[in-house]
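For reference, the structure is listed below as structure tokens.
2 protein chains.
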Amino acid sequence: MTHRSVSVVGLDADDTLWHNETLFRDTQERFHDLVVRYADDDVDIDAQLLAVERRNLDLFGYGVKGFTLSLVETAIEVTRGRVPALEIENILAWGKDMLAHPVELLDGVAEIVHQLAERYRLMIITKGDLLHQETKVARSGLADIVEAVEIVSEKDEPTYGRLFEQHRVDPVTFVMVGNSVASDVLPVIALGARAVHVPFHTTWALEAADAHDSDVYPTLSSIRELPGTLRAFERRS
Amino acid sequence: MTHRSVSVVGLDADDTLWHNETLFRDTQERFHDLVVRYADDDVDIDAQLLAVERRNLDLFGYGVKGFTLSLVETAIEVTRGRVPALEIENILAWGKDMLAHPVELLDGVAEIVHQLAERYRLMIITKGDLLHQETKVARSGLADIVEAVEIVSEKDEPTYGRLFEQHRVDPVTFVMVGNSVASDVLPVIALGARAVHVPFHTTWALEAADAHDSDVYPTLSSIRELPGTLRAFERRS
């Protein structure tokens, strides 16, 4: 079955190619330490932030700008307006720090992505703020070795379907690689493509998915295992 | 010269197809009225907001989320932290109102765009927050009659060049239509394509461009003149 060969590999970016969630977690910790000084004792600041992020998701989408707006909103809510404006100014500055933060590739990424480029067409498929994601791809040093960079508002079946059509990709020759089961694995499998899960050590609650059947897709402990996994896909088909 | 025929028409969205700047202006007026109560007498609030927007542009890009963050930042700056957090909560709510606002097509747009679709391939090319722009296109009722929707972080020569390549568009057969000379007209003309300027009655200061030579591109007083203008392009070539 030659059509089961792998010709295009999709790569998630945040927490697959480079650090991202760590930056959000660090900011969230600083946020907690700032806000706790003005909040009522019985408020669960982290739970409230998550609730605010969840209710803003449809309007803000993913990314640092929406996160920063949700931080400010949460700070005001959990302190019932007692947080001083000058503290809110600090929160805004953290958001800018996140946007300006250097891109730190995860271990093995530079080497493995270069290696994959010799054998497969590569696409980076990522969601978040448009300009910020473009900037991160540019800073990553990977822009020139991938065929396309697609920044999308949601990584679901309709989005992947549109990308396959646009880039003339036969789903059966496509493999998506990423740290999020919900965004990188399940929707592409539903479309008849394959996926490889490379978990990051921490996952945002809104990206969490249920445990899986390892027959459906492999889970790697490092992106270094990816070339071998892809070759095994080709042998199996 | 058959290659000078028009085959693809690019349409800007904000303030070309639907109202946008009006919404920003309205919010800015409410912002002024709120902040002036806490600001020093000699502060020019609007000038300060523009300065904040300009310095944040490289980090935030275009769109309502960045605008809202700049409003909050400006409110704190011009009041030297005296603005109460509960007032900042109002500013956040205005940002959400803008994101949730219904799309109001400009006069003649629905009719003219349907008419153009019979004769040309149509593309909407717009910048701003990814999810918000997608939502507006969906709400506009125009999504199904255009061939592609491209949401970009900047409308400059490299961006248009990339779109031409991606959509296999010969620039000499392409005409861009929009209200911004800087974003919709000059970069496409520099690439050998043509452009039509349809001014909106008000333009954001960061989009303003110098007066022009009307031989280079036509300026219409209404989008209703567009079909005739495009046909004149074809006759002239």
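Residue numbers (my numbering), protein chains in the order written: chain A, 18 to 254; chain B, 18 to 254.
For glycine and all other residues, C-beta sits at the position ideal for the given N, C-alpha and C.
When DSSP states are grouped into helix, strand and coil, GLY209/B belongs to the coil group. Inclusion of VAL95/A and VAL52/A in the CB contact set at 7 Å is warranted, their separation being smaller than that value.
At the C-beta level, VAL60/B and SER87/B stay beyond 7 Å of one another. The Cβ atoms of MET115/A and LEU40/A lie closer than 7 Å to each other. DSSP places HIS214/A within a strand segment (E or B) once states are collapsed to three. Shown here for VAL205/B: same chain residues with a beta carbon closer than 6 Å to its own, the five before and five after excluded, namely TYR177, MET193 and ALA212 in chain order. In this model, ARG241/B and SER200/A are separated by some 43 Å (Cα to Cα).
A direct Cα-Cα distance of roughly 26 Å separates ASP58/B from ARG99/A. Judged by DSSP in its simplified three-state form, LYS144/A adopts strand. Taking 7 Å as the cut-off, the Cβ atoms of ALA134/B and ILE108/B do not count as close. Between LEU147/A and chain B, the shortest Cβ-Cβ separation is below 7 Å.
Comparing alpha-carbon positions, the option among HIS218/B, ILE168/B and GLU46/B lying closest to TYR79/B turns out to be ILE168/B. Interface criterion not met: the Cβ of GLU121/A is under 7 Å from no Cβ in chain B. Taken in chain order, the complete beta strand (DSSP E) segments of 3 residues or longer contained in the region 62 to 146 of chain B are 138 to 144.
With its beta carbon at least 7 Å from every one in chain B, ILE206/A lies outside the interface. Under the Cβ distance rule, ILE162/B does not count among the residues neighbouring chain A, no pair being separated by less than 7 Å.
Shown in chain order are the members of the region 77 to 92 of chain B whose Cβ falls below 7 Å from a Cβ of chain A: PHE77, GLY78, LYS82, GLY83, THR85, LEU86, VAL89 and GLU90. Around the beta carbon of ASP124/B, fewer than 16 other beta carbons lie within 10 angstroms, which makes this residue exposed. Secondary structure at GLU242/A: helix, using DSSP grouped into helix, strand and coil. Residue nearest to GLN132/A within the set ARG248/A, ARG252/A, PRO244/A and GLU251/A is PRO244/A (criterion: CA-CA distance). In this model, VAL81/B and GLU251/B are separated by some 38 Å (Cα to Cα). The residue among GLY27/B, HIS118/B, GLN150/B and THR143/B with its C-alpha nearest the C-alpha of THR44/B is HIS118/B. In the structure shown, VAL60/A adopts coil according to DSSP, grouped into three states. The C-beta of ALA102/B comes closer than 7 Å to at least one C-beta of chain A. Residue pairing from DSSP places GLU167/A in a beta bridge opposite ILE142/A. Comparing C-alpha distances from HIS149/B to each of GLN183/B, VAL120/B and ASP232/B shows the shortest one belongs to VAL120/B.
A Cβ-Cβ separation of about 13 Å leaves ALA92/B out of contact with ILE93/A under the 8 Å criterion. With its beta carbon less than 7 Å from one in chain A, SER170/B belongs to the interface.
For VAL25/B, the uninterrupted beta strand (DSSP E) segment begins and ends at 25 to 28. Per DSSP, ASP201/B has no beta-bridge partner at all.
About 6 Å separates the beta carbon of LEU34/B from that of LEU122/B, a gap short enough to meet the 8 Å contact definition.
The secondary-structure analysis by DSSP pairs ASP31/B across a beta bridge with TRP35/B. Taking C-beta atoms as the reference points, VAL25/B and ARG179/B fail to come closer than 7 Å.
By the Cβ-count criterion, ALA210/A is buried, with 16 or more other Cβ atoms from all chains shown falling within 10 Å of its own Cβ.
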